[in-house]
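Here the sequence shown is numbered in the working numbering, starting from 31 and rising by one per residue.
Think of the CB as a built atom: it goes at the ideal place given N, C-alpha and C, for glycine as much as any other residue.
Everything below concerns the one structure shown next.
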Amino acid sequence: MEKETEIISQIFIDGFEQEEEDFQLLDSKYAEELQFQEALMASIITSQISTTSTQMTTTTNTIQASLQPEPLAVMINTPSCESSGSQTTFCEICVEIKQSDEMFTTESCNHCYCCECISKHVSTKVHDSAKVVITCPGVNCKSVLGIDACREVIPKEVVEVWEEALCEELIAESDRFYCPYKDCSALLLNDCEEEVVVVEAECPVCHRLFCAQCCVPWHSGAECEEFRRLNEDERGREDLMVLELAKDNKWSRCPRCKFYVERTQGCPHIICRCSYQFCYGCESEWTDTHGGCTRD
């Protein structure tokens with residue numbers, strides 16, 4: 031019995047040792063396989079990272095290339111008078127395509143403008159500055175636009191003003207003057223001889239009298255020299271009427287405050303309301319030595 035027990039124990043020990051050896055063998059193989067799998071996974075991950083990095087680099091380069099602005103091919107065409115079609119032309123002012131019969135051309139330059147733009151250009155120059163010589167609206171263009179060439183494209187009233195300016199240009203500045211009435215201002219010609227002095231004259235347009243020497247509306251009751259001594263605010267029609275009335279009544283005027291004074295009696299020594307003292311006869315300042323005035 032004991033012998034059998036020993037045999038069984040030996041068999042169990044041998045089996046256990048065999049299993050331990052087998053287990054160690056399996057554990058070693060498992061460790062090798064595990065290391066192989068880890069190496070394989072590391073290789074795969076490295077390959078994927080490399081591929082992803084390459085793709086990202088390519089994508090970044092593509093994005094950068096797409097973000098860089100491509101050079102624009104700008105074609106600047108100088109507008110010509112004739113467009114692709116022979117029936118339309120190009121206006122260099124309003125930058126619109128117009129029909130050929132709507133265009134204005136000059137013989138002195140090659141600029142092309144529509145009749146509407148030329149009409150506005152000429153009208154502005156004539157009304158604003160009454161210019162006689164009107165040049166082409168082209169930049170730095172010195173070509174002159176003639177009135178005959180523009181007559182059909184500008185309004186009639188503009189033509190009249192332009193013609194009047196041309197006529198004035200033919201008259202020497204020393205021989206021309208204008209009607210002094212603001213609602214007339216007609217151009218007048220001085221055709222009198224040098225030795226002839228014309229004072230009172232009549233405007234042939236508005237038929238009102240004016241002084242040809244002072245170039246003002248007729249100053250009735252005041253000589254030219256006396257009128258010129260008056261201030262600008264004293265030359266009105268009502269002021270001249272008061273001046274004439276003062277002459278008729280022999281009123282005197284204070285040299286300081288310009289107030290009219292009438293002496294009823296007494297000496298010519300006048301003390302004005304402004305405290306200024308003057309002579310009633312000659313209107314000069316009164317002094318202790320003043321006397322012998324011939325005016326009464």
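1) How close, in whole Å, do the beta carbons of Y290 and P298 come, if the pair is a contact with beta carbons under 8 Å?
2) Apart from the five residues on each side of it in sequence, which residues of its chain come closer than 8 Å, Cβ to Cβ, to R267?
3) Contact defined as beta carbons within less than 8 Å: I believe E264 pairs with N279. What is the distance between those atoms, to the nearest angstrom?
4) Looking at C-alpha atoms only, which residue of V188, E190 and T136 is the closest neighbour of C166?
5) Can you tell which of F257, R286, V235 and L217 has the C-alpha that lies nearest to the C-alpha of L273?
6) Cα separation between C244 and I301?
7) Is there contact here, the segment 142-155 with the segment 122-132, by at least three beta-carbon pairs under 8 Å?
8) Taking Cβ to Cβ, would you say H25 is nearer than 8 Å to C241?
9) In the structure shown, what three-state DSSP assignment does I301 receive?
10) Within 10 angstroms of its Cβ, does T119 collect 16 or more other Cβ (buried), or is it exposed?
11) Pull up the distance between the alpha-carbon of A252 and that of L270, whole angstroms please.
12) Since F308 is in the alpha helix (DSSP H), which residue starts that stretch and which ends it?
13) Count the other C-beta atoms from every protein chain shown that fall within 10 angstroms of the C-beta of V152, then say buried if there are 16 or more, exposed otherwise.
14) Determine the contact status of A276 and R283, defining contact as a CB-CB distance below 8 Å.
15) Provide the residue span of the alpha helix (DSSP H) that contains K288, from first to last.
16) Can you give the Cα-Cα distance for V191 and E262, rounded to whole angstroms?
17) Please classify V163 as buried or exposed, where buried requires at least 16 other C-beta atoms within 10 Å of its C-beta.
A quick look at the data gives this:
1) Locating residue 290 in the sequence shown gives position 260, counting from the first residue. Locating residue 298 in the sequence shown gives position 268, counting from the first residue. Rounded, the Cβ-Cβ distance is 15 Å, inconsistent with contact.
2) Taking the sequence shown and counting its residues from 1, the one referred to as residue 267 is at position 237. Answer for R267: P247, listed in chain order.
3) Your numbering for residue 264 matches position 234 in the sequence shown. Your numbering for residue 279 matches position 249 in the sequence shown. Between N279 and E264 the Cβ distance is about 18 Å, and since that is not below 8 Å, they are no contact.
4) The residue given as residue 166 occupies position 136 in the sequence shown. Of V188, E190 and T136, the residue nearest in Cα terms is T136.
5) In the sequence shown, residue 273 corresponds to position 243, counting from 1. For the residues F257, R286, V235 and L217, the minimum Cα distance to L273 belongs to F257.
6) Residue mapping note: residue 244 aligns to position 214 of the sequence shown, counting from 1. Residue mapping note: residue 301 aligns to position 271 of the sequence shown, counting from 1. In this structure, the CA atom of C244 is about 34 Å from the CA atom of I301.
7) Short answer: they touch.
8) Since the displayed the chain opens at 31 and closes at 326, residue 25 lies outside it and no answer follows.
9) Position 271 of the sequence shown, counted from the start, is the residue given in the question as residue 301. Of the three classes helix, strand and coil, the one that applies to I301 here is strand, per DSSP.
10) Within the sequence shown, the letter at position 89 stands for residue 119. Counting every other CB atom within 10 Å of its CB across the protein chains shown gives T119 a total of 16 or more, marking it as buried.
11) In the sequence shown, counting from the first residue as 1, residue 252 sits at position 222. In the sequence shown, counting from the first residue as 1, residue 270 sits at position 240. One Cα belongs to A252, the other to L270, and the distance between them is close to 7 Å.
12) Position 278 of the sequence shown, counted from the start, is the residue given in the question as residue 308. Taken as a continuous stretch (DSSP letters only), F308 belongs to no alpha helix (DSSP H), being part of the beta strand (DSSP E) at Q307 to C309.
13) Indexing the sequence shown from 1 puts residue 152 at position 122. So V152 ends up on the buried side.
14) For the purposes of this step, residue 276 is taken as residue 246 along the sequence shown, with counting starting at 1. For the purposes of this step, residue 283 is taken as residue 253 along the sequence shown, with counting starting at 1. Result yes, Cβ atoms of A276 and R283 sit closer than 8 Å.
15) Working through the sequence shown from its first residue, we reach residue 288 at position 258. Segment: none, K288 is in no alpha helix (DSSP H) and carries neither H nor E.
16) Counting from 1 along the sequence shown, the entry for residue 191 is found at position 161. Counting from 1 along the sequence shown, the entry for residue 262 is found at position 232. When rounded, the distance between both Cα atoms is 31 Å.
17) Along the sequence shown, read from residue 1 onward, the residue named residue 163 stands at position 133. Within a 10 Å sphere around the beta-carbon of V163 sit fewer than 16 other beta-carbons, which makes this residue exposed.
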